[in-house]
Amino acid sequence: MHDRGHANAFELERSRLTAIASRLLGDRHEAEDVVQLTWLRFSNARAEIENVPGWLTTVATRLCLDRLRARIPQPAEVPDRASERDDPAVAAQQTEAVGQALHIVVERLTPNERVAFVLADSFGFDFESIGEILDRSAAAARKLASRARGKVAESDDDGPVSDWRVVDAFLAAARGGDLERLLSLLAPEAEVSADAAAILAGTPTSIRGRDAVATFFDGSARAALPAFIDGRPGAAWFHRGEARVAFDFGVVDGLVQSIVFRADPRTLAEVATRHGGTA
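In structure tokens form, the structure reads like this:
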């Protein structure tokens with residue numbers, strides 16, 4: 000691959016690599032440093048690379064692992080005795096607790112657990128690929144992710160962290176087209192509504208009932224980023240760095256009761272992306 004081809008191939012993957020590194024390291028600047036190092040290794044590679052995205056992901060992730068191992072004391076990886084965590088139903092309830100929840104319990108996760116957790120739950124990597132990155136079997140990678148989910152769940156409480164987990168799980172299910180998970184995260188009387196500005200922007204006026212709300216979001220929200228809405232966990236559509244429509248979630252007892260689309264300029268001015276919510 001000639002130099003221009005190297006550069007073009009890398010630029011196609013840059014944003015994805017930065018998102019992965021940001022989630023793993025919790026620091027955007029450090030993530031960009033890792034991505035730059037990945038580029039240097041890629042540009043100096045002499046052998047032909049058949050799977051460029053896979054090669055770049057492996058290199059970037061292993062560079063992140065090196066940094067995690069250097070800065071985080073690594074507790075012993077004891078066997079996982081909670082076999083029920085491998086149950087898909089239990090995993091669906093524990094869901095994607097990346098972002099703030101991950102940072103709160105990071106000292107309890109080994110670097111390998113963190114990589115398996117983030118790649119599987121936030122970026123949808125299969126365990127075969129995660130195992131190759133970690134030099135583990137697919138089964139071992141699955142165990143690492145399961146144990147990490149368990150640690151996050153054990154650290155959870157009935158406060159905002161729980162709400163973040165529900166919102167993040169809802170967004171992940173919406174993007175992935177997982178209708179069953181969406182239904183499990185919605186209260187029976189769930190409702191979608193919108194302020195006047197959001198309606199003018201093209202959002203629905205009202206959607207009522209768990210089935211109707213789940214159907215509306217099934218396979219959608221791909222462009223939404225995790226955000227704070229008046230200090231509460233939510234999401235927003237951004238354009239050129241500016242929030243255009245906010246998703247204001249109402250979470251009660253671990254279920255989404257309401258989602259309000261908000262586009263009032265005063266509300267949007269206060270919207271801020273949540274740390275770690277770059278993907």
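Going by numbering that gives the first Met the number 0, the letters in the sequence shown line up with residues 0 to 278, in that order. By construction, the Cβ of each residue, glycine as well, lies at the ideal position given by its N, Cα and C atoms.
How many Å lie between residue i and residue j at the Cα?
i	j	result
Arg15	Ala119	15 Å
Phe9	Leu185	40 Å
Pro187	Ser257	11 Å
Phe246	Leu23	25 Å
Gly130	Ala59	15 Å
Phe116	Asp194	36 Å
Val33	Trp54	14 Å
Ala75	Ala138	Summary for Ala75: the model assigns pLDDT 38, below 50, so the residue's position carries little reliability; its value from the coordinates is reported in the next sentence. So the alpha carbons of these two residues sit roughly 18 Å apart.
Thr109	Arg148	12 Å
Gly243	Asp134	The amino acid occupying residue 243 in the given sequence is Arg; Gly does not appear at that position. Near 43 Å, if we compare the C-alpha coordinates of Asp134 and Arg243.
Val259	Phe248	7 Å
Leu67	Thr204	46 Å
Ser128	Lys150	23 Å
Ser219	Val212	11 Å
Ala196	Thr202	9 Å
Glu269	Phe126	39 Å
Ile132	Ile198	45 Å
Ile206	Thr214	10 Å
Glu47	Glu31	25 Å
Pro52	Arg174	21 Å
Trp236	Asp210	24 Å
Asp156	Ala171	Any reading at Asp156 is ruled out, since the residue's pLDDT is 49, under 50, leaving its predicted position unreliable.
Asn43	Glu49	15 Å
Arg141	Arg265	44 Å
Glu241	Asp177	28 Å
Gly25	Ser136	26 Å
Going by other Cβ atoms of all chains shown within 10 Å of its Cβ, with 16 needed for buried, is residue i buried or exposed?
i	result
Val191	buried
Ser145	buried
Gly123	exposed
Val250	buried
Leu11	exposed
Ala222	exposed
Ala271	exposed
Arg113	buried
Arg239	exposed
Ala69	exposed
Asn7	exposed
For residue i, which of the options has the nearest alpha-carbon?
i	options	result
Glu208	Ala220, Ala172, Leu182	Inspection of the sequence shows that residue 208 is occupied by Gly rather than by Glu. Gly208 has its Cα closest to that of Leu182, out of Ala220, Ala172, Leu182.
Glu179	Ile206, Asp167, Glu47, Asp217	Asp217
Phe263	Leu11, Ile228, His5, Arg45	According to the sequence provided, residue 263 is Asp. The question's Phe does not apply to it. Per the Cα distances, Ile228.
Leu254	Phe169, Ala242, Ala46, Asp125	Phe169
Leu143	Ser42, Asn111, Leu67	Asn111
Leu267	Val251, Asp252, Val250, Ala226	Ala226
Arg45	Leu224, His5, Arg174, Ala30	His5
Asp252	Ser42, Ile19, Ala189, Ala271	Ala189
Asp167	Arg141, Asp210, Asp177, Ser121	Ser121
Ala18	Trp236, Phe237, Leu224	Leu224
Arg3	Ala30, Glu29, Gly25, Phe41	Phe41
Glu29	Trp236, Val51, Glu49, Leu64	Leu64
Ala200	Asn7, Arg261, Ser136	Arg261
I want to check one thing, is the minimum distance from the CB of residue i to the heavy atoms of the ligand FMN below 6 Å?
i	result
Arg68	Only the bare structure without any ligand can be found here, which leaves the ligand FMN out of the picture.
Round the Cβ separation of residue i and residue j to the nearest angstrom and send it over; I've been treating them as touching at under 8 Å.
i	j	result
Ser21	Arg27	5 Å
Check: Is the stretch 29-37 in contact with the stretch 46-59, if contact means three or more CB pairs nearer than 8 Å?
Finding: These segments touch.
Margin query: Three Cβ pairs or more, each shorter than 8 Å: is that satisfied between the stretch 162-174 and the stretch 230-250?
Written below: With the rule of 3 Cβ pairs closer than 8 Å, the stretch 162-174 counts as touching the stretch 230-250.
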